[in-house]
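Visitor: I'd like to ask you about the structure that follows.
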Amino acid sequence: MTSTPSVKLGLWTNYEVSPRLYNLSNVITTTDTWGTNWKIFLGVVFGLSWSCAKAIIKRIWLWVHYWVAHMRELESAGPETESLLPSHTSDPLPAGLPADSDESEPRALVRYDPDNETFEYEGSHSERSSEHNNDHGISTLENEASEPKAISWWPQLEWPDIILGLLGVAFAVAGGAIGELQASPSALSDTQPCGFWDLKNNADQRIKDNDDLLQAKKEERSAQYGRSCYGEQPIANPDQCDFFESAQIDYEVEKIDCPFSCPNPDRCICANGIYGSAVRLSTGLFSAKLLGLNGAALPQIKRTSIYVPLDIDYGFVVDRSGYDFEFEYHLGPVNASGEFRNHTFTMFGTPFNWDVPAYSVSAYESTPSGGDYDAWQPTSDLARPSHTYMTAMFISPCRIIYSGRCEDPIFLATDELQEDGWPPHRFYNQDPRARVLIAIDQMEVCPHGESDCHFPDEEYPEFGVEYEITRTALRRSSSFRSIEYRLGSALVATESISDFESRQLDKEQWIIESKALFNTSLARLQFNALDIAMGDRPVGNAAAGYADAYEDTTPSWARGRMCGKYKFHLSRGYTNIHVAHIFILLVPVSLYILSRETKRDLGDSPRPFLDEDWLLVDAIIWYIIGRVHWCSDKLGSLRQRLQTRQ
1 MTSTPSVKLG LWTNYEVSPR LYNLSNVITT TDTWGTNWKI FLGVVFGLSW SCAKAIIKRI
61 WLWVHYWVAH MRELESAGPE TESLLPSHTS DPLPAGLPAD SDESEPRALV RYDPDNETFE
121 YEGSHSERSS EHNNDHGIST LENEASEPKA ISWWPQLEWP DIILGLLGVA FAVAGGAIGE
181 LQASPSALSD TQPCGFWDLK NNADQRIKDN DDLLQAKKEE RSAQYGRSCY GEQPIANPDQ
241 CDFFESAQID YEVEKIDCPF SCPNPDRCIC ANGIYGSAVR LSTGLFSAKL LGLNGAALPQ
301 IKRTSIYVPL DIDYGFVVDR SGYDFEFEYH LGPVNASGEF RNHTFTMFGT PFNWDVPAYS
361 VSAYESTPSG GDYDAWQPTS DLARPSHTYM TAMFISPCRI IYSGRCEDPI FLATDELQED
421 GWPPHRFYNQ DPRARVLIAI DQMEVCPHGE SDCHFPDEEY PEFGVEYEIT RTALRRSSSF
481 RSIEYRLGSA LVATESISDF ESRQLDKEQW IIESKALFNT SLARLQFNAL DIAMGDRPVG
541 NAAAGYADAY EDTTPSWARG RMCGKYKFHL SRGYTNIHVA HIFILLVPVS LYILSRETKR
601 DLGDSPRPFL DEDWLLVDAI IWYIIGRVHW CSDKLGSLRQ RLQTRQ
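In UniProt numbering, the protein residues as written are 1 to 646.
See the structure below:
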């Protein structure tokens, strides 16, 4: 990346790409320093709250034993024994005791042994034993005639300190892990001004030449990204493709019939005839979120390109040869630089005789605007759907000798070389005529789903700035914008050349080139959205003193409203904090409150007895036990009434 937008600090809403994640999430973007301070703060708070958590765990353990002892007491005493759960009647005696019971003999349920730090089950008792009424745990009545019975089905705490210590470590680790959770890897752009900038119409030639260099760098930037990050096996390093919200935009490839009208199967302008002579690359419908736009209701995009090689012998090439070779290509008139000609392209000489190991490429584009805007007006033989872009590429190998035969219609090499100094079975193309590859680009923006799609050359202010950003980025990503400045160096076949020799090319090399151009156009689409978010234009040394030659061509209604609409992967030095993580602080606060002592009377029902004051968590658990008992009584009464009626 040559430049990145400024990062917006503070609270913002992130609308996620993946449907498996939250539809939206509020995050706080901050510097790494503040992010580290937040993690330390969480760790300290959770560490300080461990004493509260430990007290609550011990009380919960007490109540578990109390409940188990109660159930065992009921099982051993028989169904006639009344429950020792809290009563909700106005019994003048202590709740839960039979009428003939001696008030001095309440039932004891659990004994806490402070020496072994274990809980044991007790039966009935005749008197209260004071020796267990201490600061360590539960005071119970002791039955001298019966031996304590351990609660066998519940794990015994023989080393409670070890277990509590392990829980404390887990608690601290959990607090630290929560601090490490990052809300999202994305950041919101905060660059001012934003929008799209173009060269003024009255710029002189020096400024135009300088702008050509800048545009060539943008095209090369997209091509490098397309080579590195697109395809089944990207060749990128770990960080090269990690800037955009989506590293690549997926698409499908399929062969289709010739997109142009053919008089008959034996005469077709497509090089491979009517059937299966073209290739279509289509993204299908995808959300503008993949471009980095951030919003709740973003438009969707369709991007399709059709590539097809033309039959060089169809009749559009006219031989004007005199002393030297000269060929005219009549695929439509061209009006460029104030000069009109009735043909599209002229090829001079024999490229193989040029002492250059490269490909010669020329390109022309026809846009939906048509008329005076386009330099090239295609003939009726190249009729295409309305609102589409068409690019004609004239490709010719110069002095390139291939190590193997190739019958690709664009990269033809079937003539065996008969020159001294070269090993046998070397091939070249002795035909001086340039081959023609046509690209047809169809683009649509769908603000309300697939049933409501529009072409990017149409402006609709009512659809909002997100639509305007999308359509502008899209219409500047045609196949022509992928090869306009790089020309021959844009071809994948160029990478096979070493000195004057090339490796044998694929038999469908033109499809490989089509994929590479499509990858570049999709990468160009991604970079265009970034440039709009940054208000990209030459400034400083890059402007070479021509900064004033550029103007903001953003529609007046959208100016200033495109800022803060773009997100990208967070760069180093920043971190995100999920707003929901702040509410994690309620955990230690809740622990502190639940571990506070309460003076509330829990009633007279037999219960684990402590010399200390009860905690708030005790009151809550005791209330829940009472509610459960009340519901149990109601269900029992209802069952009895039903049985009586039967």
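Just so it is clear, CB atoms sit at the ideal spot from N, CA and C, and this is done for glycine as well.
#1: What is the residue span of the beta strand (DSSP E) that W12 lies within?
#2: State yes or no: is the C-beta of L214 within less than 8 angstroms of the C-beta of V253?
#3: Taking only the alpha-carbon atoms, compute the straight-line gap between C631 and W67 and give it to the nearest angstrom.
#4: Which residues bound the alpha helix (DSSP H) around T520?
#5: Quick one, are the C-beta atoms of T29 and V7 less than 8 angstroms apart?
#6: What first and last residue would you give for the beta strand (DSSP E) that runs through Q205?
#7: Would the stretch 417 to 428 and the stretch 359 to 373 be scored as touching if the rule is three or more Cβ pairs under 8 angstroms?
#8: Does the Cβ-Cβ distance between H343 and P368 come in under 8 angstroms?
#9: Per DSSP, what are the beta-bridge partners of L491 in this structure?
#10: So, P397 versus P351, is the Cβ gap smaller than 8 angstroms?
#11: How long is the line joining the alpha carbons of V445 and Y307, rounded to whole angstroms?
#12: Quick check: what's the CA-CA separation for R503 versus I269?
#13: Just curious, the beta strand (DSSP E) that V334 is in, first and last residue?
#14: What is the rounded straight-line gap between the Cα of I57 and the Cα of V617?
#15: Does the beta-carbon of P461 have 16 or more other beta-carbons within 10 angstroms, so that it is buried, or is it exposed?
#16: Below 8 angstroms on the Cβ atoms is my contact criterion, and I expect Y402 with Y428 to pass it. Report the Cβ-Cβ distance as a whole number of Å.
#17: Three or more C-beta pairs closer than 8 angstroms, one from the stretch 438 to 457 and one from the stretch 377 to 393: is that the case here?
#18: For V68, which of helix, strand or coil comes out of DSSP?
#19: In this structure, how does DSSP classify Q300 when only helix, strand and coil are distinguished?
#20: Buried or exposed: N202, going by 16 or more other Cβ atoms within 10 Å of its Cβ?
#21: Keeping to the same chain, check which residues put their C-beta closer than 8 angstroms to that of F243; ignore five residues upstream and five downstream.
#22: Taking the runs of the beta strand (DSSP E) that are 3 residues or longer, which of them lie wholly in the stretch 304 to 357?
#23: Do you know offhand how far W38's Cα is from F46's?
#24: Could you spell out where the beta strand (DSSP E) holding I256 opens and where it closes?
#25: According to DSSP, what are the bridge partners of H454?
#26: Take E495 as the anchor and find which of E484, S478, E513 and S482 has the nearest alpha-carbon.
#27: Just to confirm before moving on: does the CB-CB distance between E245 and G292 stay below 8 angstroms?
#28: Using the Cα positions of D548 and D204, report the straight-line distance between them to the nearest angstrom.
#29: DSSP three-state call for R639: helix, strand or coil?
#30: Residues in its own chain within less than 8 angstroms of Y251 by CB, not counting five upstream and five downstream?
#31: Using a threshold of 8 angstroms, state whether the C-beta atoms of L331 and F316 are closer than that.
#32: Quick one: using the 10 Å Cβ neighbour count with 16 as the cut-off for buried, is A187 buried or exposed?
#33: Reducing DSSP to helix, strand and coil, say where F286 ends up.
#34: Taking one C-beta from the stretch 483 to 500 and one from the stretch 575 to 584 each time, how about it: are there three or more such pairs within less than 8 angstroms?
#35: Assign L505 to buried or exposed, taking buried as 16 or more other Cβ atoms, counted over all protein chains shown, within 10 Å of its Cβ.
#36: Nearer than 7 angstroms: is that true of the beta carbon of F411 relative to any heavy atom of the ligand COA?
Guide: A quick look at the data gives this:
#1: G10 to N14
#2: no
#3: 16 angstroms
#4: Q509 to M534
#5: yes
#6: That residue, Q205, is in no beta strand (DSSP E); its alpha helix (DSSP H) goes Q205 to C229.
#7: no
#8: no
#9: The partner list for L491 (beta bridge, DSSP) is empty, contrary to what the question assumes.
#10: yes
#11: 22 angstroms
#12: 29 angstroms
#13: V334 to A336
#14: 10 angstroms
#15: exposed
#16: 7 angstroms
#17: yes
#18: helix
#19: strand
#20: exposed
#21: M1, T4, F568 and H569
#22: 317 to 319, 326 to 329, 334 to 336, 339 to 341 and 345 to 348
#23: 12 angstroms
#24: E252 to I256
#25: V445
#26: E513
#27: yes
#28: 12 angstroms
#29: helix
#30: L281, S282, T283, G284, R303, F518 and L522
#31: yes
#32: buried
#33: strand
#34: no
#35: buried
#36: Absent from the structure shown: the ligand COA. Ligands present: none.
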